[in-house]
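A short worksheet on the structure shown next.
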Amino acid sequence: MTAAAIKFGEFVDAERVGNTPTAARHSQTSATGSIHCATPAETGMVNVKMKHIAVAHATLRQQKPTHTILSSTPSQSFVEIDNVDFSYGKRAILKGISLKVPKGRVVAIMGGSGCGKTTLLRLIGGQLAPSKGMVRVDGQDIASLDRDGMYAMRRKMGMLFQFGALFTDMTVFDNIAFQLREHTTLPADMIRDLVLMKLNAVGLRGTAKLFPAELSGGMARRVALARAVALDPMLIMYDEPFAGLDPISLSVVGQTIRKLNNALGATSIVVTHDIVESMQIVDYLYFISDGRIVGQGTPDEIRHSEEPFVKQFVHAELDGPVPFHYPAGDFGEQLGLVPTLPASRTQS
Amino acid sequence: MINAIRNLGVRGINALWRGGSMARFFMLILANSGMSFRRFRLTIREIYFAGVMSLVIIMVSGLFIGMVVGLQGFETLQHYGAEETMGVLVALSLVRELGPVVTALLFASRAGSAITAEIGLMKATEQLKAMDMMAIDPMARVVAPRFWAGAISMPVLAALFSSMGIFGGYLVATLLVGIDSGVFWSNLHAAVDFRYDVLNGFVKSVVFGVAISIIATFEGFDADPTAEGVARATTRTVVTSALTVLLLDLILTGFMLRGD
Amino acid sequence: MDRKTIDLWVGIFMLMGIAALLWLSLRVGNLGEDRPSSTYSVEAKFTNIGGLKAKAPVKSAGVLVGRVSDIKFDNDKFQAVVILTVDGRYSFPKDTSASILTSGLLGEVYIGLEPGADEKKLTNGDKVTLTQSAVVLERLIGQFMFGKAAEGDTTAAKK
Numbered sequence: 004m005t006a007a008a009i010k011f012g013e014f015v016d017a018e019r020v021g022n023t024p025t026a027a028r029h030s031q032t033s034a035t036g037s038i039h040c041a042t043p044a045e046t047g048m049v050n051v052k053m054k055h056i057a058v059a060h061a062t063l064r065q066q067k068p069t070h071t072i073l074s075s076t077p078s079q080s081f082v083e084i085d086n087v088d089f090s091y092g093k094r095a096i097l098k099g100i101s102l103k104v105p106k107g108r109v110v111a112i113m114g115g116s117g118c119g120k121t122t123l124l125r126l127i128g129g130q131l132a133p134s135k136g137m138v139r140v141d142g143q144d145i146a147s148l149d150r151d152g153m154y155a156m157r158r159k160m161g162m163l164f165q166f167g168a169l170f171t172d173m174t175v176f177d178n179i180a181f182q183l184r185e186h187t188t189l190p191a192d193m194i195r196d197l198v199l200m201k202l203n204a205v206g207l208r209g210t211a212k213l214f215p216a217e218l219s220g221g222m223a224r225r226v227a228l229a230r231a232v233a234l235d236p237m238l239i240m241y242d243e244p245f246a247g248l249d250p251i252s253l254s255v256v257g258q259t260i261r262k263l264n265n266a267l268g269a270t271s272i273v274v275t276h277d278i279v280e281s282m283q284i285v286d287y288l289y290f291i292s293d294g295r296i297v298g299q300g301t302p303d304e305i306r307h308s309e310e311p312f313v314k315q316f317v318h319a320e321l322d323g324p325v326p327f328h329y330p331a332g333d334f335g336e337q338l339g340l341v342p343t344l345p346a347s348r349t350q351s
Numbered sequence: 160m161i162n163a164i165r166n167l168g169v170r171g172i173n174a175l176w177r178g179g180s181m182a183r184f185f186m187l188i189l190a191n192s193g194m195s196f197r198r199f200r201l202t203i204r205e206i207y208f209a210g211v212m213s214l215v216i217i218m219v220s221g222l223f224i225g226m227v228v229g230l231q232g233f234e235t236l237q238h239y240g241a242e243e244t245m246g247v248l249v250a251l252s253l254v255r256e257l258g259p260v261v262t263a264l265l266f267a268s269r270a271g272s273a274i275t276a277e278i279g280l281m282k283a284t285e286q287l288k289a290m291d292m293m294a295i296d297p298m299a300r301v302v303a304p305r306f307w308a309g310a311i312s313m314p315v316l317a318a319l320f321s322s323m324g325i326f327g328g329y330l331v332a333t334l335l336v337g338i339d340s341g342v343f344w345s346n347l348h349a350a351v352d353f354r355y356d357v358l359n360g361f362v363k364s365v366v367f368g369v370a371i372s373i374i375a376t377f378e379g380f381d382a383d384p385t386a387e388g389v390a391r392a393t394t395r396t397v398v399t400s401a402l403t404v405l406l407l408d409l410i411l412t413g414f415m416l417r418g419d
Numbered sequence: 004m005d006r007k008t009i010d011l012w013v014g015i016f017m018l019m020g021i022a023a024l025l026w027l028s029l030r031v032g033n034l035g036e037d038r039p040s041s042t043y044s045v046e047a048k049f050t051n052i053g054g055l056k057a058k059a060p061v062k063s064a065g066v067l068v069g070r071v072s073d074i075k076f077d078n079d080k081f082q083a084v085v086i087l088t089v090d091g092r093y094s095f096p097k098d099t100s101a102s103i104l105t106s107g108l109l110g111e112v113y114i115g116l117e118p119g120a121d122e123k124k125l126t127n128g129d130k131v132t133l134t135q136s137a138v139v140l141e142r143l144i145g146q147f148m149f150g151k152a153a154e155g156d157t158t159a160a161k162k
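Set out below in C-alpha cells:
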C-alpha cells in the first residue's frame, strides 16, 4: 500500500515534469505500452503500471531535451548522406553515395555481401568517418561532433549488430537494462518494468533470467532487438537482422521491426540482402553495388523495376550485372586444354 | 645474414611501437578511470574474477614454495651449523623476491590471460563496438575496472603468497627439522626489516600488478577479432608479462639494494 | 554469480590481504618493534669502525637500547664519527664507553655501551669520549703472527 502511494507520488511529480514539449510524446509512448502489454487479466495492475511506465518514458525523454517530434514533419529526412566516399586504405568501399531516410520510415539498404552496407551504418553511427562528403543525422553533421556530442547523438540511436553482440557475461535482463542503468538514474523497480515491457514486445519475457548463450539464434536476435530499442531511440539501425534465421524467426523479427518503428515513431534503416522479407516491411529500398547506388524505389516500384541489377537481385538470377564468376583467366587455358602457349609450360 | 639483421630491426621497431602504444593505452585507462571508482561495484566484480579466483592457486603454491625453500635452505645451512637461521632465509627470499615475482608469474597466467581472452572475445563478437554505439565508452566500462582490479589484487595475492610461504617454512622447520619455534620466529623477526624487506616487496608487487594489468588489457583490446587472434593475444599476454616482470624485478632490485 | 556472494568473497579476499600484510609487517618484519617515543643522540668517534653499518644495534649489557643512525667521516682528525640514537627511557653516565663488538666470530657488528660512574648523564648532542675501535680480524692475526715471529726471534737470540 505504501509502495503504491510512493509510486503515485512519483507519478504526480512527473506529471508536472511532463508539462513540457515531451508531453506530446506521452500519448505516443502510451500507445507503445498498449501494444506491448495489453494483457486484460492484469488490467487493474496494468493501469497503475501504465502510468508508472509513462513516467519512466517521460523521464527518458526528459534526458534528451534537444529533440521534440513537434518540430519536424514526416517528409523531413532524419538521415541524409550526401555524396560520401569511403575507403579502407586504398580499397574504395563507397563511391559517391547519396541517400535520404525520411523521418518515421523504414528504409532498406540492399546489396550483395561485402558491398559496403555495414560500412554505411558505421558512418551513420559515427564509428567511421567518411573520406569525402557529409553524413547528417537529425540535422547535425556527424563528422563535426566531438566525443561528447557524438555520445549524445548515439543516445538517440539504437543499433542491432549482425550477430546480436549481446553481452555474454550478463543475463538477458541485464543486457536490456544495461543502457537504462548507464544513462538514467531511474529507480530499480522502474527499470525492471521497462525491461520487462521491452522483452514482452519481442515476446521473450520468459527468458529474462537466461544468459545469451542459452538462447537460440532467433531468440538472441530478438533480445538484441529489444536492447536496441531500450532507450526508445529516434533512429534504429539493423545490420543484417535476417541473416541465419529460420523462416519463422525471420518473419517474427521482420514484423517486430515494423511494429517497433511504428510504435516508437522512430526511423529505421535495415541493411540486408533478404529481398523477400524486406519487401514486406519497408517503405523504401536502396540498392548498392560496387559502392554505388544502382537502384531505389518503393517495394512496388522495385518489383517492376527494369534496372538490370535490381532485376537480378529481386528475381535471384544466377548471372547478370553481378557475374557468377570472380574475374579469372580463360578456364580452358588454365586446365591446359587449349595449347595457346605451349612453350610456357616447362616439363620437369 | 643481412636478412637476419633486417629481421631483428623489424622486430625491434615493432617492440618499440607496441611499447609506445601500451604507454598511450595506459594514459587512456587513467583518463577513463573515473567510473571504476565512482561505481566501485564494477571493480569489485572484476576483483572477484581476477583476485578471488586466483586465491587457491596462489596460496597452495606459496605453501609449497615456502616448504621447498625451507628444505633446501636447511640442506645448505646445516653444513655451517646455521640451520637455526632457516627462517630468515625463507622469509627474506619470499618477502623480497619469490613472493612478488612468483605471484606475478602465476597471476599473469591465471588472471592476465583470462582478462585478455575476455576482452578479446568481447571485441571479436562486436560487444565493444555495440557498447560504443550505446554511447558507453568501453575503455571506462570494460577496460579500466579490469585494470584496477588487477592492480589491486596483485599486491594482496603477493602478501598472501609470502605469508603462506613463511608458514610453509615454519612447518618444515618445526615438524621436519626440529627447530624450536621460538628460535625460528625470533631469528626471523630480528632479520626482516619492515622498510627494506616488507615494504620493498610490497612496492614490487604493486608495480608488477600494474604492468600485468596494462599488458593483459592492452593485448585483449588490441587482439585480432578472430578466434585465432584472441588465442594469440592470450599467449602474448603470458609471455610479455613474464618477461616484463623479470626485467622490472631486476631494475627494481638494483634500485632497492643500492646503498644498503 | 550472485552479487551478494561476489561482494562477500571480495570482502574476505581484501581482509585476508590486509591481515597478511599486517602479519608480514608486524610479526615477520620489525614494524611492531616498540619504537621509542623519545630518543636522544650522542656522538662517538672511532679510529676504525670495521664492518659497522647504519641501523646496527646499540646494546648495553646485551639489551638493545638504540641504533646507529648515521656514520660520517671527520676529515680533520681522520676518524669515523658515529651517531648513536638511544632510547629516551634509558640514561647513561657521562663517562660511558662505547666499543664496536661482534656477536660471535662472524656475526653482526654492534656497538656496546659500558656505563661509567659519573653522576651526570649523557644528553642529546653529547660526545662519548671513551671509545674502543673494532677489532679487525686480519690485523689481529697479523699481530699474532708477528708476535710469534718476534718471539721466535728472541728465543733464537737467547740461544
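Chains as they are written, first to last, in our numbering: chain H, 4 to 351; chain Z, 160 to 419; chain C, 4 to 162.
A virtual CB, placed ideally from N, CA and C, is assigned to each residue, including glycine.
From a predicted model like this one, the values you see are computed outputs, not experimental measurements.
In chain order, I103, V112 place their CB closer than 6 Å to the CB of L55/C, counting only its own chain and leaving out the 5 sequence neighbours on each side. Here I194/H has A180, L183 as same chain residues with Cβ atoms under 6 Å from its own Cβ, once five neighbours each way along the sequence are excluded.
For A155/H, the nearest CB of chain Z lies under 9 Å from its own CB, placing it at the interface with that chain. Residue range 191-204 is occupied by the alpha helix (DSSP H) that includes M200/H.
In this chain, the beta strand (DSSP E) harbouring P60/C covers 60-63.
Judged by beta-carbon spacing, E285/Z lies beyond the 9 Å limit of T412/Z, meaning their Cβ atoms are not closer than that value. Identification of chain Z residues near D5/C by a Cβ-Cβ cut-off of 8 Å yields none; the smallest Cβ-Cβ distance measures about 11 Å.
By the CB criterion at 9 Å, L253/Z and G221/Z fall inside the cutoff. The closest CA to that of K97/C, considering only L87/C, T105/C, E122/C, is found on E122/C.
Flagged as an interface residue toward chain H: K288/Z, by a C-beta distance shorter than 9 Å.
At a cut-off of 9 Å between beta carbons, R195/H makes no contact with chain Z.
For Q82/C, the enclosing beta strand (DSSP E) begins and ends at 82-90. Fewer than three pairs of CB atoms, one per stretch, sit closer than 8 Å, so the segment 274-291 of chain Z makes no contact with the segment 333-346 of chain Z. Residue burial annotation: G107/H is buried, with at least 16 other C-beta atoms found within 10 angstroms of its C-beta. By a beta-carbon distance limit of 8 Å, S271/H contacts V109/H. Their separation comes to about 4 Å.
Per DSSP, reduced to three states, the secondary structure at Q143/H is strand.
Residues of the segment 308-339 of chain Z whose Cβ lies closer than 7 Å to any Cβ of chain C, in chain order: V315, A318, L319, S321, S322, I325. Listed in chain order, the beta strand (DSSP E) runs fully inside the segment 107-158 of chain C are 112-117, 133-135, counting runs of at least 3 residues. Along the segment 101-114 of chain H, none of the residues has a CB nearer than 9 Å to a CB of chain Z. C-alpha of G65/C to C-alpha of V369/Z: approximately 45 Å in a straight line.
For V366/Z against L407/Z, the beta-carbon gap comes to about 6 Å, under 8 Å, which counts as contact. Cβ proximity to chain Z below 8 Å picks out F181, Q182, E185, H186 from the segment 181-209 of chain H. Within chain H, no residue has its CB atom less than 8 Å from the CB of E205/Z, the nearest being about 11 Å off. Under DSSP, G69/C shares a beta bridge with V61/C, V89/C. E378/Z: member of the alpha helix (DSSP H) spanning 359-381, first to last residue.
Annotated three-state conformation of N191/Z is coil, per DSSP.
With its beta carbon at least 9 Å from every one in chain C, G232/Z lies outside the interface. Taking 9 Å as the threshold, the shortest C-beta distance from M160/H to chain Z falls below it.
When the Cα atoms are used, V362/Z and R354/Z turn out to be separated by approximately 11 Å. Considering only beta carbons, the part of the segment 6-24 of chain C lying closer than 7 Å to chain Z consists of I9, D10, W12, V13, F16, M17, M19, G20, A23, L24, in chain order. In this chain, R295/H is not harboured by any alpha helix (DSSP H); it is covered by the beta strand (DSSP E) spanning 295-300. Neighbours of E285/Z in chain H, taken as residues at a C-beta separation under 8 Å, are given in chain order as F164, Q165, F166, A168. Nearest C-alpha to G115/H among H276/H, S281/H, R306/H: H276/H. Here the C-alpha atom of L124/H lies approximately 35 Å from the C-alpha atom of A174/Z. Here the C-alpha atom of H186/H lies approximately 22 Å from the C-alpha atom of K212/H. For a cut-off of 8 Å, the C-beta gap from V45/C to D129/C is around 5 Å, short enough to register as a contact.
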